[in-house]
Amino acid sequence: MTMNSSQSQQIFEKYVIQNYKRYPVNLVRGAGSVVWDSEGREYLDFFPGWGCNLLGHCPPRIVAAVQEQVARLIHVPNTWHTTEQGVWAQMLVERAFDGQAFFCNSGAEANEAAIKLARLHQGPERYKIITFQGGFHGRTMGALAATAQPKYHEGLGPMLAGFSYCPYGDLGEVEKRIDSATAAIMIEPIMGEGGVRIPPREYLQGLRQLADDNDLLLIFDEVQTGCGRTGHWFGYQYFEVTPDIMTLAKSLCGGVAGGALLARREVAPSLRPGMHASTFGGNPIAAAAGIAMIETIEQDGLLEQCADSAQQFAEHLSELQSACDHIREVRQAGLMIGIELEFEGAPIVQKCLEQGLLINCTQENVLRLLPAMNIEAEQIRSGMDLLRQVVLDHSASISETRVEA
Ligand SMILES: Cc1ncc(COP(=O)(O)O)c(C=O)c1O
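My numbering puts the first residue of the sequence shown at 4, with every later residue one more than the last.
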């Protein structure tokens, strides 16, 4: 079946609910950090799969693992054991902290599981969870209630009760919100959608301390920071602050849908039989892909390559920042990059797209790059050269408009 971009757009307008703003581009094929549309145009992808394709598009080992698995066993429910799910859990735990895994299919679901686990573990009197203004935890009603951004709650109330939205960055504010009904503190170690906001290590250490002092669970939402993004297996290792519960999705299965929650061994059993479940969670295909993801990162030395690529990006970014007066701040942890502009980022994203580079903008003015760990040095150079030119041209035009005004 072939369809050009305009035909595809028409069919979407008629048959697909219009809850996403989509570019008028029909993507048909990808390999590594490159993707092609139905007109044969090639794009260099600095935002592959919205952070899910941490190994780039169609990584060969993931493709092979899924092909092998899909021909052997596609799905069996969680009333059975499968080798794949057990091995996957073991591999994750061995690279994280001592604990156990629960599997689901997405980031929001992993966070739902974390909210339920925190409440179950702390008992009926302790149901409150402190989350942070500007954070993002997903779109299901529990994860949405945890997401302290009013724009995402509009028209959907009442929200699930029990969340306390704390200003970000101030430990005193967190302490003030803790009372006898508080069960947990939940935070992204680096806010992704919130604008790639990287806290000082002391902030997360302080949250750990507050959790310990008050017998609270510390939950890290590592849906975006997880699985190698920061050059460490998990974001918590980047900060050297270990949570009690960690949620994962996005890149967990190298681009295949999958989510997981890891909980410390003392906490995990509170998710008792019958209290939570996911039909497709930990299915053999996701598990085979998840295992292949870990093997690829290790066999290809991608954590080391991530550090090198991050350094290369850092050099380009610092050059860009010194050349452009309209950049407020550049924030980077490994291959998680935010460029905060003084102006709206959407026109930059659009111009990059027209010139064959895919990037993202979040919070109106933060350009976000989540490149693949196996991106090539030449791809970083050519993409950053292009981005630099687009940003400089656009900021020059803004300066001119301001002078004229
Ligand atoms: C930190 C974080 N948590 C949760 C989610 C929700 O994940 P999903 O869209 O897979 O439900 C996202 C998605 O962007 C995220 O960045």
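Cβ coordinates follow ideal geometry from the N, Cα and C atoms, glycine included.
What separation, rounded to the nearest whole angstrom, lies between the Cα atoms of V28 and F316? When rounded, the distance between both Cα atoms is 27 angstroms.
In this structure, does DSSP put L264 in helix, strand or coil? Three-state DSSP puts L264 in a strand.
N363: beta carbon under 7 angstroms from a heavy atom of ligand 1? Answer for N363: no, Cβ out of range of ligand 1.
Between the CA atoms of Q308 and I330 - distance to the nearest angstrom: Their backbone Cα atoms lie some 27 angstroms apart in a straight line.
Other residues of its chain near G165: CB distance less than 7 angstroms, five sequence neighbours each side excluded: Here the set comprises Y130, K131, I132.
Leaving out the 5 sequence neighbours to the left and right, which residues in its chain are closer than 7 angstroms to G138 when beta-carbon positions are compared? Only T150, A151, I190, E191, M194, G197 meet the Cβ criterion.
Does any heavy atom of ligand 1 sit closer than 7 angstroms to the C-beta of Q227? Answer for Q227: yes, Cβ within range of ligand 1.
Can you tell me whether Q227 is buried or exposed? The criterion is at least 16 other CB atoms within 10 Å of its CB, across all chains shown. Burial check for Q227: the Cβ neighbour count within 10 Å reaches 16 or more, so the residue is buried.
At which residue ranges does the segment 107-137 contain complete beta strand (DSSP E) runs of 3 or more residues, listed in the order of the chain? Inside the segment 107-137, DSSP marks whole beta strand (DSSP E) runs of 3 or more residues at positions 131-135, from first to last along the chain.
Pick helix, strand or coil for R331, following the three-state DSSP scheme. Note: R331 maps to strand in three-state DSSP.
In chain order, each alpha helix (DSSP H) run of at least 4 residues that lies wholly inside the segment 254-312: Listed in chain order, they are 287-302.
For ligand 1, any of its heavy atoms closer than 7 angstroms to the Cβ of H140? With a threshold of 7 angstroms, the Cβ atom of H140 counts as near ligand 1, since some heavy atom of the ligand is closer than that.
When you measure from the CB of E176 to every non-hydrogen atom of ligand 1, does any distance come out below 7 angstroms? For E176, the shortest C-beta to heavy atom distance toward ligand 1 is 7 angstroms or greater.
Check whether chain B comes within 8 angstroms of A34, counting only Cβ atoms and requiring the distance to be less than that. Structure shown: chain B not included; a single protein chain is present.
Would you mind reading off the limits of the alpha helix (DSSP H) that contains A92? Where A92 is concerned, the enclosing alpha helix (DSSP H) stretches over 86-98.
Measure the beta-carbon distance from I378 to V73 and round it to whole angstroms, keeping in mind my assumption that it falls under 8 angstroms. Actually they are not in contact, since the Cβ atoms of I378 and V73 sit about 28 angstroms apart, beyond 8 angstroms.
Quick test of your reading: A292 and G262, contact by CB under 8 angstroms. State the CB separation rounded to the nearest angstrom. About 12 angstroms separates the beta carbon of A292 from that of G262, a gap too long to meet the 8 angstroms contact definition.
Name the one or two DSSP bridge partners that W1 has. The structure shown does not extend to residue 1, since the chain is modelled only from 4 to 408, so the question has no answer here.
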